[in-house]
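First to last, the protein sequences are chains A and B.
The first sequence begins at 1 in the numbering used here and counts up by one.
The second sequence begins at 400 in the numbering used here and counts up by one.
Glycine residues also receive a C-beta, built at the ideal position from the N, C-alpha and C atoms.
Notes to accompany the following structure.
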Amino acid sequence: MRPLGFFILWLFGFSCQASIYSELSLSMNYSRNTNKNYTTGEQLELGGEFEYRQSNFDIKFDGNYIYDFVYDSNNNFSQATRDNYQSRALIREAYIGFFVLESYWSIGIQKTVWGEADDIQVVDVINPLDFRDFVLFDIDEYKLGIPMLKVDYDISDESSLSFITIFQYQSNQYPPAGSEFSFENYSDVDLEKWGKVEFGLRLNSYYFNSDVSLYGFYGYNDDPVISMDITGNKSLLIDKYAFLGASISRPIGSWVGRGEIAYFKDLLVNSASPEGTKIDRAQGLLGLDYRYIDWVATFQFTDYRILNYSSGLFVNKSEPLYTLSLERELLSGNLVAKGAFSYIPSQGTGSLSQLKMSYRPVPDVKLDLNLDLFTGRQDNIFGQFQKNDRIWISIIYFL
Amino acid sequence: MKKLLILMGLYSSCSFASMDATQVLNESRDRYDGVDFVSNVTLTTQIKDKIVSERKMYMLQKDIDDDEMTIFSVQYPVDLRNVGFLVKSHKESTYKEDLQWLYLPAFRKVRRISPKDKRGAFMGSEFSYFDLDKLRVSDFESKILEREKIFGRDAWKIERKPVSQDVINKSGYYKVVLWIDVERDIILQQDYYDAKDILFKRQKSMAVEKIQDIWTITHTTMENFIEKKISNIFYAETQYNLGMNENLFRKSKLKRGIIHSDVPSLTPITTH
């Protein structure tokens with residue numbers, strides 16, 4: 001008992017001062033399909049965040065509960081959609097962290113960001129995504145926290161090592177058929193498997209005026225392969241793959257250049273074979289940021305190549321994506337305006353134009369306006385939602 | 400011959416004045432400000448008497464080897480909580496640009512920022528990132544205009560003009576006139592001029608206190624005559640030479656955020 005007592009005293013560092021932070025927020029969100037002119041969301045959201053922090057120990061909780069009234073009165077959606085999305089509680093993060101052996105250990109549900117890209121996953125392979133609302137402006141809004149142990153060790157002032165062990169596999173989540181953003185041929189995918197352990201390693205450093213990171217990951221495909229037996233029963237298949245990647249960020253005059261490369265070995269993808277097919281994939285990203293007084297413009301290009309492509313695969317051999325965004329603060333920092341344009345030239349072309357404005361009239365209230373416009377052909381990832389243009393308004397009150 | 404003598408005399412007086420201005424600026428830049436310091440910073444912007452924006456943050460600074468590391472960690476308002484800004488400034492004699500990183504919790508990512516354009520508003524205020532930089536003497540050609548009294552203090556009045564278009568692009572200023580306290584080496588006021596030689600911004604040191612035997616600016620303002628806005632920075636509870644750990648100034652720490660136990664001698668900043 002005595003060692004446990006000492007351990008608890010050490011953890012709480014009774015002689016140190018603690019920082020306790022708690023925040024409750026209440027949001028009302030309203031969204032509408034502007035093509036077909038019906039309401040897609042009438043949400044009441046209660047958010048809660050709690051932090052207890054000391055110099056050697058911390059606890060964090062961040063979660064929310066959402067009730068969507070749109071399913072009480074609207075028959076545009078399937079029963080499966082109503083079951084999944086009418087009432088939801090979500091833990092975004094819940095973990096404890098502590099310093100031991102000169103390292104910071106955190107265990108629990110967490111989100112981790114790898115790489116230098118904005119809202120594009122090339123080397124950012126740790127957390128899966130929830131596509132319930134398709135692609136939101138900020139990737140963190142639809143990234144799913146998952147149970148993991150993370151150990152961060154500072155090798156020097158400018159170098160750090162991060163080791164991640166994921167205890168529970170969680171796939172990307174795709175909405176059921178009959179949802180506002182359900183994918184044709186790839187709906188109702190949500191697979192959790194406890195004990196499917198994944199490992200990640202990141203080395204971050206600074207060389208020749210550049211921020212450089214190297215990554216390694218050994219885990220399971222985030223998009224499971226859908227397999228049907230002869231009776232039509234669907235099963236979701238996953239298998240292990242290995243990943244190596246690197247990223248760099250460096251100022252070049254008034255610009256900041258960003259780059260990422262990734263290599264996926266034995267990644268399981270959908271194919272004519274019911275078990276799927278393992279492929280090797282190389283992927284890259286080039287990003288450029290330009291700052292002009294209060295404006296920040298960002299351009300990104302990413303593409304991948306399947307190195308052992310065969311005709312039976314249900315994925316493209318390559319899929320280039322271009323993004324352009326512009327951002328600035330106005331009204332003494334109380335209004336943030338962002339615009340983004342994403343374009344995929346393959347599969348008949350498709351684009352997504354997004355506008356996001358956040359206005360803080362008083363410190364405890366925030367108003368958000370989001371606008372998403374889709375164009376393109378039905379078989380393009382953006383074009384499939386050409387009839388799903390969306391306007392989304394939120395009022396957030398920090399209690 | 401008479402004209403030549405006048406020209407020679409003019410040249411020698413200019414070069415003498417230039418040398419003196421550089422010396423005064425060097426002394427101001429290099430004046431002792433402790434090995435490290437912390438402060439509770441409040442940044443407000445007002446239009447007439449109405450405060451339209453308020454930010455509260457911890458500011459930490461430490462000399463590490465030949466570099467000066469500065470970190471701002473925002474605590475208020477709630478939706479900007481844990482936004483962090485880390486600057487590594489090299490000694491001017493190295494001719495190296497600063498290194499800057501910004502941590503935005505919404506993205507969970509530390510972003511590199513180019514130091515070539517510092518004209519942007521610092522946290523939405525009338526202070527630009529350039530205004531908060533350490534004085535760089537060689538970026539401007541400087542000359543002493545006169546010695547005059549300002550705010551009741553004896554001061555050197557110095558005119559500075561950028562040495563290159565790059566400096567204009569970085570600072571946004573075509574001319575700066577500043578007043579440096581003769582006795583304390585502190586900048587008391589700076590007037591900023593645009594391309595048409597119009598005075599458009601003015602920075603004033605409103606309050607100066609002696610803390611641990613170091614003259615310290617505790618309140619500074621920036622008035623924008625075009626926008627008709629005034630921003631204030633209040634440096635409260637400034638404390639020097641605390642022996643802060645170098646770990647606080649790492650990029651990895653920027654992600655975890657500065658918390659009160661990192662700066663226990665300051666009053667905690669509350670979010671509401």
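{"Asked": "Nearest-angstrom Cα separation, counted from Leu321 of chain A out to Leu286 of chain A", "Found": "11 Å"}
{"Asked": "Closest by C-alpha distance to Ser106 of chain A, when choosing among A:Asn380, A:Arg88, A:Met28, A:Asn56", "Found": "A:Asn56"}
{"Asked": "Range covered by the alpha helix (DSSP H) that runs through Ile567 of chain B", "Found": "564 to 570"}
{"Asked": "Beta carbon of Gln386 of chain A nearer than 8 Å to that of Ala117 of chain A", "Found": "no"}
{"Asked": "C-beta neighbour in chain A for Tyr550 of chain B, strict 8 Å", "Found": "Just to set this straight, residue 550 of chain B is Phe in the shown sequence, not Tyr. By this cut-off, Phe550 of chain B is not an interface position."}
{"Asked": "DSSP three-state assignment for Phe61 of chain A, whether helix, strand or coil", "Found": "strand"}
{"Asked": "Cβ pair count under 8 Å reaching 3, the stretch 458 to 472 of chain B against the stretch 486 to 497 of chain B", "Found": "yes"}
{"Asked": "Identified DSSP bridge partners for Met228 of chain A", "Found": "A:Lys234"}
{"Asked": "Selection of the stretch 596 to 629 of chain B by Cβ proximity to chain A, strictly under 8 Å", "Found": "Lys628"}
{"Asked": "C-beta neighbour in chain B for Phe398 of chain A, strict 8 Å", "Found": "yes"}
{"Asked": "Segment contact, 8 Å Cβ cut-off, at least three pairs: the stretch 637 to 648 of chain B with the stretch 443 to 461 of chain B", "Found": "yes"}
{"Asked": "Ser15 of chain A versus Ser630 of chain B: straight-line alpha-carbon distance, rounded", "Found": "Any reading at Ser15 of chain A needs caution, since the residue's pLDDT is 45, under 50, leaving its predicted position unreliable; the model's value is listed next. C-alpha separation (whole angstroms): 39 Å."}
{"Asked": "Tyr52 of chain A to Asn204 of chain A span [Cα, whole Å]", "Found": "27 Å"}
{"Asked": "Where Ser417 of chain B falls: helix, strand or coil (DSSP)", "Found": "The predicted position of Ser417 of chain B is uncertain, since its pLDDT is 46 and thus under 50; no value can be drawn from it."}
{"Asked": "Chain-order list of residues whose beta-carbon lies under 6 Å from that of Lys278 of chain A (same chain, five-residue window excluded)", "Found": "Asp266, Leu268"}
{"Asked": "Lys652 of chain B - containing alpha helix (DSSP H), residue span", "Found": "650 to 655"}
{"Asked": "Residues near Trp614 of chain B by beta carbon distance below 7 Å, same chain, minus five either side", "Found": "Arg583, Ile585, Val607"}
{"Asked": "Start and end residues, alpha helix (DSSP H) containing Arg454 of chain A", "Found": "Outside the shown range of chain A (1 to 399) lies residue 454 of chain A, about which nothing can therefore be said."}
{"Asked": "At least 3 beta-carbon pairs within less than 8 Å: the stretch 558 to 566 of chain B vs the stretch 370 to 379 of chain A", "Found": "no"}
{"Asked": "CB of Phe401 of chain A within 8 Å of CB of Glu23 of chain A, strictly", "Found": "Outside the shown range of chain A, which is 1 to 399, sits residue 401 of chain A, and nothing can be said about it."}
{"Asked": "DSSP bridge partner residues for Tyr241 of chain A (one or two, in chain order)", "Found": "A:Gly219"}
{"Asked": "Given 8 Å, three or more beta-carbon pairs between the stretch 58 to 77 of chain A and the stretch 421 to 437 of chain B", "Found": "no"}
{"Asked": "Buried/exposed call for Leu101 of chain A, threshold 16 Cβ in 10 Å", "Found": "exposed"}
{"Asked": "Among A:Ser156, A:Glu198, A:Leu129, A:Tyr290, the one whose alpha carbon lies nearest that of Phe163 of chain A", "Found": "A:Glu198"}
{"Asked": "Residue-chain proximity (Lys366 of chain A, chain B), Cβ-Cβ < 8 Å", "Found": "yes"}
{"Asked": "Within chain A, the residues that Gly642 of chain B reaches when beta carbons sit closer than 8 Å", "Found": "Within chain A, no residue comes near Gly642 of chain B; the closest Cβ sits about 15 Å away, beyond 8 Å."}
{"Asked": "The stretch 243 to 250 of chain A touching the stretch 112 to 126 of chain A, judged by at least three CB pairs closer than 8 Å", "Found": "yes"}
{"Asked": "CB of Arg377 of chain A within 8 Å of CB of Gln347 of chain A, strictly", "Found": "yes"}
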